[in-house]
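Protein sequences appear in the order of chains A and B.
Residue 207 in my numbering sits at position 207 of the first sequence, with consecutive numbering throughout.
Residue 52 in my numbering sits at position 52 of the second sequence, with consecutive numbering throughout.
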Amino acid sequence: MIRSGPGYAAAAFVLLFIFGPLIAVFLRAGGGAMPGPADWAAIRFSVTQATLSALFSVILAIPVARALSRRQFPGRSLLITLLGAPFILPVIVAVLGLLAVFGRSGVLNSVLDSMGLPVVQIYGLHGVVLAHVFFNLPLATRILLQAWQQIPAERFRLAASLNMSAGQIARRLELPMLKAALPGAFIVIFAICLSSFTVALTLGGGPKATTVELAIYQAFRFDFDLGRAAVLAVIQTVLVTIVALVALKYTRTEGFGAGLDRVVQRWDAQSPGLRGIDAAVMILTALFLLLPLAMVVIDGIAGFDRLPASVFAALRVSLILSLLSTALALGLSLPMALTALKHSWVEVIGLFGIVSSPLVLGTGLFLIIHPIADPARLAFAVTGLVNALTALPFVLRVLIPSLKASEQDFGRLATSLGLTGWARLRILLLPRARRALGFSAGLTAAFSMGDLGVITLFADPSRATLPLQMYRLMGSYRMEAAAGAGLLLLIFSLGLFWLFDRGGRRNAEL
Amino acid sequence: MLSFENLRIARGDFTLNADFTLEQGLSLALIGPSGAGKSTLLDVIAGYLQPVSGRVLWQGEDITGLPPGKRPISMLFQDNNLFPHLTVAQNIGLGIRPSLKLSATEQDSLQQALNRVGLPDMAERKPGSLSGGQQSRVALARVLVQRRPLVLLDEPFSALGPALKHDMLRLVSDLMNETGGTLIMVSHEPEDAQLIADVTSVVAQGTVTAPQATADLFENPPPLLREYLGT
Numbered sequence: 001m002i003r004s005g006p007g008y009a010a011a012a013f014v015l016l017f018i019f020g021p022l023i024a025v026f027l028r029a030g031g032g033a034m035p036g037p038a039d040w041a042a043i044r045f046s047v048t049q050a051t052l053s054a055l056f057s058v059i060l061a062i063p064v065a066r067a068l069s070r071r072q073f074p075g076r077s078l079l080i081t082l083l084g085a086p087f088i089l090p091v092i093v094a095v096l097g098l099l100a101v102f103g104r105s106g107v108l109n110s111v112l113d114s115m116g117l118p119v120v121q122i123y124g125l126h127g128v129v130l131a132h133v134f135f136n137l138p139l140a141t142r143i144l145l146q147a148w149q150q151i152p153a154e155r156f157r158l159a160a161s162l163n164m165s166a167g168q169i170a171r172r173l174e175l176p177m178l179k180a181a182l183p184g185a186f187i188v189i190f191a192i193c194l195s196s197f198t199v200a201l202t203l204g205g206g207p208k209a210t211t212v213e214l215a216i217y218q219a220f221r222f223d224f225d226l227g228r229a230a231v232l233a234v235i236q237t238v239l240v241t242i243v244a245l246v247a248l249k250y251t252r253t254e255g256f257g258a259g260l261d262r263v264v265q266r267w268d269a270q271s272p273g274l275r276g277i278d279a280a281v282m283i284l285t286a287l288f289l290l291l292p293l294a295m296v297v298i299d300g301i302a303g304f305d306r307l308p309a310s311v312f313a314a315l316r317v318s319l320i321l322s323l324l325s326t327a328l329a330l331g332l333s334l335p336m337a338l339t340a341l342k343h344s345w346v347e348v349i350g351l352f353g354i355v356s357s358p359l360v361l362g363t364g365l366f367l368i369i370h371p372i373a374d375p376a377r378l379a380f381a382v383t384g385l386v387n388a389l390t391a392l393p394f395v396l397r398v399l400i401p402s403l404k405a406s407e408q409d410f411g412r413l414a415t416s417l418g419l420t421g422w423a424r425l426r427i428l429l430l431p432r433a434r435r436a437l438g439f440s441a442g443l444t445a446a447f448s449m450g451d452l453g454v455i456t457l458f459a460d461p462s463r464a465t466l467p468l469q470m471y472r473l474m475g476s477y478r479m480e481a482a483a484g485a486g487l488l489l490l491i492f493s494l495g496l497f498w499l500f501d502r503g504g505r506r507n508a509e510l
Numbered sequence: 001m002l003s004f005e006n007l008r009i010a011r012g013d014f015t016l017n018a019d020f021t022l023e024q025g026l027s028l029a030l031i032g033p034s035g036a037g038k039s040t041l042l043d044v045i046a047g048y049l050q051p052v053s054g055r056v057l058w059q060g061e062d063i064t065g066l067p068p069g070k071r072p073i074s075m076l077f078q079d080n081n082l083f084p085h086l087t088v089a090q091n092i093g094l095g096i097r098p099s100l101k102l103s104a105t106e107q108d109s110l111q112q113a114l115n116r117v118g119l120p121d122m123a124e125r126k127p128g129s130l131s132g133g134q135q136s137r138v139a140l141a142r143v144l145v146q147r148r149p150l151v152l153l154d155e156p157f158s159a160l161g162p163a164l165k166h167d168m169l170r171l172v173s174d175l176m177n178e179t180g181g182t183l184i185m186v187s188h189e190p191e192d193a194q195l196i197a198d199v200t201s202v203v204a205q206g207t208v209t210a211p212q213a214t215a216d217l218f219e220n221p222p223p224l225l226r227e228y229l230g231t
């Protein structure tokens, strides 16, 4: 009904640009040295920080998800929206906010200092874990909340009629659910933290706190040792592939928070003590998530008039880059999604983007480009391409179910009316995929706007995206200007998401 | 004239055989227990399912292998008969031309169809703002503009109340009389068949009986039908 040709072409393009760089990396690594002690340290640190980050995120998410699943209160839907924010929040902006709260001269330390207590340090392992928990506690909460809501309301009604206490319900209903849901949540977050680069770049560093991805960057930036970068890239690919294979076994497709607004009525959890605990959990969570963001806004406003012209140039670059990546990601994923309706293996090709982390792709592309051209001149093109490839799996995950639902509900009607090819696309599939398209475009645009990854490998001092420019300002201790740039980046990332998502929802009667 | 030649349908353990001819302009009701294969037979006629063997002929021409959109058929499904994101006029217009680029005459016939089903002022509404009965009327208006000689109804009015459903069936019956089209409808309610079907076939135990005049059939039900009716 819809021709498969464009989908195959898009899939071939994706394969070429994912496996091309990987092959380049493997070829180069073949001539490189075996991993040395520093590389092993990087592997150990990567795994340690990812384990701790996933562990804390998941454990802390349990009381938050439990409170959300059984309490109706004003601001609940706002809190759930806030839990979705880390998907589109630029990492470097969040780091800036965390520094403002937990950093050397941050809010927390001023309080501790005024009480005569020792101050805390944010750099190193615990800083990296803290930032990862900031990003992944919300994700873990959403996963667990969904699991909580899969316990039928009737079970709780039955439990109430049997006069079961909160403790008994926890043991009989909630613990079995958690046992089933926790490993999946853990492995997803572990995988995310394993390839997180920006957090390690800004809060880690040094021989004791270097991840594999950060080590790739250092091999590039400090030693310009491409052989070692390639070896590290191979290590990273192997690590991520193993974890991705495990994750694939444990995770179910997660719709992006559909139906999280339902609250199950609970007769067991009405005691003042339990109410107090849930209220405290919710307030602390909101504070933990909101305080850093509030600091970004407060410091950002103060730093706005100190913004150098370079920030605005970088903003323009980032905006254009973000829109181009979004166009490329959608231009690739739409034909792939349409073809995946008939041949589901096409979606699997899109998922390869997860396995090859952005820095590995960047390394490979650098190895390919370096002999023939100046990589710095292609910095923006490569960044846009890699961002689109990275976003692809997420876009496909949103788009394919939407197209499938259209075909399932209205496919026969469309067929009986002779809607094939372009007409089917124009009249059935595209209009009904509007929300999914808007949402995934918003996701890609915001992600691409705020990403600080490949660009760090390629850019020379004369070129920068807004996140990179912000990082440079932080590196030269111009914190006010960095805060201003952070606010600007925050506004544009969230704004882009809002615009696209809004565009998909407006007048969409589905 | 619609003929089934040694038609055999199979889906897993389930099989269904049909071998008969339906005269043009008649209305046929397929009646029988759920799961007996009434909707499956419609799917084969409409081209959504291929039979294991045998042929479906329309006016003597083999249509067994034609894709659904190329058959001389309008079909109304149990649900999802309208696209919720399109207006009433667009939904009907698709029956004239899938590209929705309609000429002035075609616009006219669209409006006439709306008038005929009693919804003259609803062209710009979306289905979501219509009642269940009005939505059914819009779907029927599309059947009207499609001008296909064979109309298949897969219990499209089953969600409506009894009075409204009978209104719709009468409207269908009137429309078929006006256009001279052939109708096949699936039902598990004997009254539906008695209300508008000239002839009725019983679908049960793996076979479709040859159409018999509806009144005669119910007056003197064969064992298969008696078992289903519980009389």
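Glycine is no exception: its CB is placed at the ideal position from the N, C-alpha and C atoms.
Considering residue i, what are the terminal residues of the alpha helix (DSSP H) in which it resides?
i	result
M176/B	P162 to T179
W148/A	L125 to Q149
L94/B	V88 to I96
M474/A	L466 to G475
A141/B	G132 to Q146
L321/A	A309 to A340
V120/A	Element bounds for V120/A: n/a, residue is neither H nor E.
L49/B	L49/B -> no alpha helix (DSSP H), and no H or E assigned at all.
P21/A	G5 to G30
Would a C-beta distance cut-off of 9 Å place residue i and residue j closer than the cut-off?
i	j	result
G299/A	M449/A	With the sequence shown as reference, residue 299/A is identified as Asp, and Gly is not the correct amino acid for it. The answer is no: Cβ separation not under 9 Å.
A511/A	G303/A	Absent from the structure is residue 511/A, since the part of chain A shown begins at 1 and ends at 510.
A140/A	P292/A	no
A446/A	L389/A	no
V143/B	L28/B	no
V120/A	L137/A	no
V386/A	G453/A	yes
A33/A	R228/A	yes
A329/A	A441/A	yes
G54/B	D19/B	yes
V172/B	M185/B	yes
Identify whether residue i lies in helix, strand or coil by the three-state DSSP scheme.
i	result
W58/B	strand
M75/B	strand
E5/B	strand
I88/A	coil
L22/B	strand
F256/A	Its pLDDT being 46, under 50, F256/A is placed unreliably in this model, and the value from its coordinates should be taken loosely. Three-state DSSP puts F256/A in coil, outside helix and strand.
V186/B	strand
L224/B	helix
Q212/B	strand
R478/A	coil
T390/A	helix
S161/A	helix
A483/A	helix
R70/A	helix
N17/B	strand
T211/A	coil
T538/A	Summary: the structure shown does not reach residue 538/A, with chain A confined to residues 1 through 510, and so no result is reported for it.
G205/A	strand
R234/B	Limits of chain B in this structure are 1 at one end and 231 at the other, which puts residue 234/B out of reach.
In the DSSP assignment, the beta strand (DSSP E) including residue i goes from what residue to what residue?
i	result
L150/B	L150 to D154
I31/B	S27 to I31
V202/B	V199 to A204
Under 8 Å by Cβ, that's how I've got residue i and residue j pegged, so tell me the actual separation to the nearest angstrom.
i	j	result
A209/A	V128/A	6 Å
V429/A	L403/A	The sequence given here has Leu at residue 429/A, not Val. The Cβ separation is near 6 Å, so the contact holds.
P98/B	L419/A	5 Å
F380/A	V317/A	7 Å
Point to revise | Cβ-based contacts, 7 Å cut-off: residues of the segment 401-415 of chain A near chain B | key: Per Cβ criterion, the list reads D409, F410, R412, L413 and T415.
**Study point:** Positions along the segment 82-97 of chain B whose CB lies within less than 9 Å of some CB in chain A
**Key:** The residues in question are L82, F83, P84, H85, L86, Q90, L94 and G95.
Check your understanding: Using Cβ-Cβ distances below 7 Å, what residues of the segment 435-447 of chain A are close to chain B?
Key -> The residues in question: there are none.
Check your understanding: Going along the segment 61-80 of chain B in order, which residues come within less than 8 Å of chain A, judged by CB to CB distance?
Key -> Within the segment 61-80 of chain B, the residues whose Cβ lies closer than 8 Å to some Cβ of chain A are P67, P68, G69, K70, I73, S74, M75, F77 and N80, listed in chain order.
Review point. Using a Cβ cut-off of 8 Å, which residues of the segment 99-119 of chain B contact any Cβ in chain A, in chain order?
Key: Flagged, chain order: S99 and L100.
Check your understanding: Mind listing which residues of the segment 46-61 of chain B have their C-beta closer than 7 Å to chain A's C-betas, in chain order?
Key -> Legend: CB atoms of the segment 46-61 of chain B lying less than 7 Å from CB atoms of chain A belong to residues A46 and Y48.
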